[in-house]
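Asks:
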Amino acid sequence: MADVVTMDKIVSLARRRGFVFPSSEIYGGLGSSYDYGHYGVLLKENVKARWLEAMVRERDDIVALDSSIILNPRVWEVSGHVEGFHDPLVDCKFCKLRFRADHLDQTQCGAKPSKRPGEHDKCDLTEPRRFNLMFKTRVGPLEETGMDAYLRPETAQGIFVNFKNVAQLARRKPPFGIAQVGKAFRNEITPGNFIFRTLEFEQMEMEFFVPPAEAEEWFSYWVQERLGWYTRLGIRESHLRVREHESGELSHYSSATSDIEYLFPIGWSELEGVAHRGDYDLRAHTEGSGTKLEWVDAEAGERYIPHVVEPAAGVNRSMLAFMVDAYDEEVVAERERTVLRLHPQIAPVKVAVLPLIPRNEDISSKARALYEELRRAVVTEYDDSGQIGRRYRRQDEIGTPYALTIDEQTLADDTVTIRDRDSLEQERIAISGARAFVLDSLAQDWKSPKSD
Ligand code: ATP
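Just so we're aligned, residue 141 is where the sequence shown starts under our numbering, counting upward by one.
1) Applying the criterion that 16 or more other CB atoms from any shown protein chain within 10 Å of the CB defines a buried residue, is residue 166 buried or exposed?
2) When every heavy atom of ligand 1 is checked, does at least one fall within less than 7 Å of the C-beta of residue 338?
3) According to DSSP, is residue 274 helix, strand or coil?
4) Using three-state DSSP, classify residue 311 as helix, strand or coil.
5) CA-CA distance, residue 226 and residue 463?
6) Sorted by chain position, which residues of the same chain lie with C-beta nearer than 7 Å to residue 577's C-beta, five sequence neighbours on each side aside?
7) Alpha helix (DSSP H) containing residue 150: first to last residue?
8) In whole angstroms, give me the CA-to-CA distance for residue 326 and residue 355.
9) I'd like to know if the stretch 409-429 and the stretch 313-323 are in contact, where contact means that at least 3 CB-CB pairs between them fall below 8 Å.
10) Who are the near neighbours of residue 390 in its chain, counting only those whose CB is closer than 8 Å to its CB and skipping five residues on each side?
11) Applying the 10 Å Cβ sphere with the 16-neighbour rule, what's the burial state of residue 221?
12) When you compare only the Cα positions, how much space is there between residue 501 and residue 560?
13) Measure the C-alpha to C-alpha separation of residue 533 and residue 157 and round it to an integer number of angstroms.
14) What would DSSP say about residue 586, mapped onto helix, strand or coil?
15) Could you check what DSSP says for residue 144 in three-state terms: helix, strand or coil?
16) In the structure shown, what three-state DSSP assignment does residue 352 receive?
17) Let me check you understand the geometry: is the CB of residue 302 closer than 7 Å to at least one non-hydrogen atom of ligand 1?
18) DSSP puts residue 494 in a beta bridge; with which residues?
19) Thinking residue 539 and residue 480 are a contact (beta carbons under 8 Å), I'd like their distance in whole angstroms, please.
20) Consider the C-beta atom of residue 319 and the heavy atoms of ligand 1; say whether any pair is separated by less than 7 Å.
21) For the stretch 289-306 against the stretch 205-218, do three or more pairs of beta-carbon atoms, one drawn from each stretch, fall closer than 8 Å, so that the two count as touching?
22) Sorted by chain position, which residues of the same chain lie with C-beta nearer than 6 Å to residue 180's C-beta, five sequence neighbours on each side aside?
23) Go to residue 591, then tell me how far its beta strand (DSSP E) extends in each direction, as first and last residue.
24) With residue 504 as the anchor, note down where its alpha helix (DSSP H) starts and where it stops.
25) Put residue 176 into one of helix, strand or coil per three-state DSSP.
26) So what does DSSP say about residue 560, is it helix, strand or coil?
27) Answer yes or no: do residue 320 and residue 205 have a C-beta to C-beta separation smaller than 8 Å?
28) May I ask you to list the residues that DSSP assigns as paired with residue 222?
29) How many angstroms separate the CA atom of residue 141 from the CA atom of residue 592?
30) Are residue 573 and residue 482 closer than 8 Å when you measure CB to CB?
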């Protein structure tokens with residue numbers, strides 16, 4: 141079956157089912173800002189939970205950190221962000237829009253959307269100017285005496301400046317890593333593309349500190365490991381690829397970077413970057429702060445500045461990739477259905493409990509009891525409104541892998557129907573085994589039934 145997904149369909153589903161809304165919509169919204177509704181929050185939480193599981197819980201060599209969003213502004217001077225965290229910006233004097241000079245080939249002209257900026261007769265583009273992406277703010281009660289500070293544009297620097305604290309307390313020696321999930325802010329120029337690029341987003345970053353001689357090896361390891369994380373969570377391999385940065389493209393801190401790209405409806409685009417940052421950051425902060433950020437092994441008589449390999453992913457962009465990869469439409473019994481074939485471990489709701497005849501009190505009290513049992517274990521939804529077919533379709537659209545239906549037969553023999561979101565197969569199982577069935581199913585390996 142051909143892939144039917146487009147960005148418009150994702151935006152519409154996200155809106156219709158309350159995953160994502162335009163931010164401050166009643167005031168006309170704010171470009172490149174979105175708010176997350178109930179299912180969006182649950183989906184995003186699952187993405188973060190799976191990342192923390194893979195990065196911290198299931199490993200011995202990585203510990204967690206949660207650093208501040210507003211750091212001492214010296215951090216950003218020393219890290220090179222004040223000087224180097226720029227995008228080239230061009231203005232069009234005709235349509236008054238701003239564009240990223242390096243993204244013109246992916247951008248629509250403001251006057252004629254079928255053309256690129258600069259291609260229409262009326263386009264009047266300025267020369268590119270450097271535009272710093274960091275949001276500035278003031279710390280302190282008085283504007284005049286306050287201090288300029290920045291909202292962090294990445295979570296990584298909070299990790300580097302804590303290197304000494306963590307290395308001493310975590311009793312780890314290189315190779316070891318520090319992982320952080322949290323908000324980052326960038327005053328992005330290029331608007332559009334839904335939650336792919338927003339002013340405010342969440343990052344999942346891990347800095348892996350290694351002996352310099354091992355850096356190359358760990359770099360390759362982390363590219364493969366991160367690729368495997370996406371495929372294990374159901375993203376189709378045919379929609380993922382690794383692209384090495386060319387030397388002119390590298391960030392100011394990086395000596396090598398490979399992007400893990402996903403085939404979004406806007407084309408192949410970065411999903412995650414894996415960067416070899418060398419000793420750039422620890423060396424810069426050692427010089428900037430006067431605190432030695434190095435590894436000292438008294439027994440071995442060793443002292444060195446570890447090199448850093450960094451897998452840096454976006455929560456919101458991953459969520460978009462999971463939704464795009466899962467979106468499917470099919471015709472069943474002459475009716476069209478839309479279904480999010482999400483990996484069950486990513487799906488916002490794991491199981492729905494549906495009393496077939498809600499007015500029947502015996503049925504609804506059995507259903508309610510099952511719901512209360514299940515929700516202690518996993519995110520469960522109880523739905524007794526409308527026809528059963530519509531209730532199934534609603535669960536399909538939010539990607540709920542299992543639906544349990546309680547009917548008259550349940551009253552006779554204590555069995556329920558379990559319906560599989562993808563195959564639509566229905567099976568009768570004992571109500572007493574429902575919880576174990578759902579938990580067992582969630583623990584299984586899973587492969588997308590969507591074709592490549
Ligand atoms: P891009 O080239 O798309 O601007 P980047 O290379 O600047 O991204 P990194 O600094 O490597 O991005 O950040 C790591 C990850 O954070 C990205 O792979 C992406 O998933 C996410 N990310 C970065 N900027 C944004 C943004 N403005 N909105 C949403 N996610 C973002």
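For each residue, glycine too, the CB sits at the ideal point set by N, CA and C.
Replies: This is what the structure gives:
1) Exposed, by the Cβ-count rule.
2) Under cutoff, so the answer is yes.
3) Residue 274: coil per DSSP, three-state reduction.
4) In the three-state scheme derived from DSSP, where H, G and I count as helix and E and B as strand, residue 311 is classed as coil.
5) Looking at the two C-alpha atoms, the distance is approximately 30 Å.
6) In the same chain as residue 577, and ignoring 5 residues on each side of it, the C-beta atoms closer than 7 Å to its own belong to 558 and 569, in chain order.
7) Residues 147-156.
8) CA-to-CA, the gap between residue 326 and residue 355 works out to about 29 Å.
9) Taking 8 Å as the limit for Cβ pairs, the verdict is that the stretch 313-323 does not touch the stretch 409-429.
10) Cβ within range, chain order: 396 and 397.
11) Burial state of residue 221 is buried, judged by a 10 Å Cβ sphere holding 16 or more other Cβ atoms.
12) In this structure, the CA atom of residue 501 is about 26 Å from the CA atom of residue 560.
13) Distance between the alpha carbons of residue 533 and residue 157: 11 Å.
14) Correct three-state label for residue 586: coil.
15) Looking at residue 144 - three-state DSSP - the assignment turns out to be coil, as it is neither helix nor strand.
16) Looking at residue 352 - three-state DSSP - the assignment turns out to be helix.
17) No, the beta carbon of residue 302 sits no closer than 7 Å to any heavy atom of ligand 1.
18) 545, per the DSSP bridge assignment.
19) The Cβ separation is near 3 Å, so the contact holds.
20) The answer is no for residue 319.
21) A contact is defined here as three or more CB-CB pairs under 8 Å, and the stretch 289-306 meets this definition with respect to the stretch 205-218.
22) So the list reads 159 and 160, once near-sequence residues are dropped.
23) Per DSSP, residue 591 is not a residue of any beta strand (DSSP E), being assigned neither H nor E.
24) That run of the alpha helix (DSSP H) goes 501-515.
25) Of the three classes helix, strand and coil, the one that applies to residue 176 here is strand, per DSSP.
26) It is a strand residue.
27) Against a cut-off of 8 Å, the Cβ pair of residue 205 and residue 320 comes out as a contact.
28) DSSP output for residue 222 lists no bridge partner at all.
29) Unreliable placement is indicated for residue 141, whose pLDDT of 49 sits below 50; the coordinate value is still reported in the next sentence. Approximately 9 Å, taken between the alpha carbons.
30) In this structure, residue 482 does not lie closer than 8 Å to residue 573 by Cβ.
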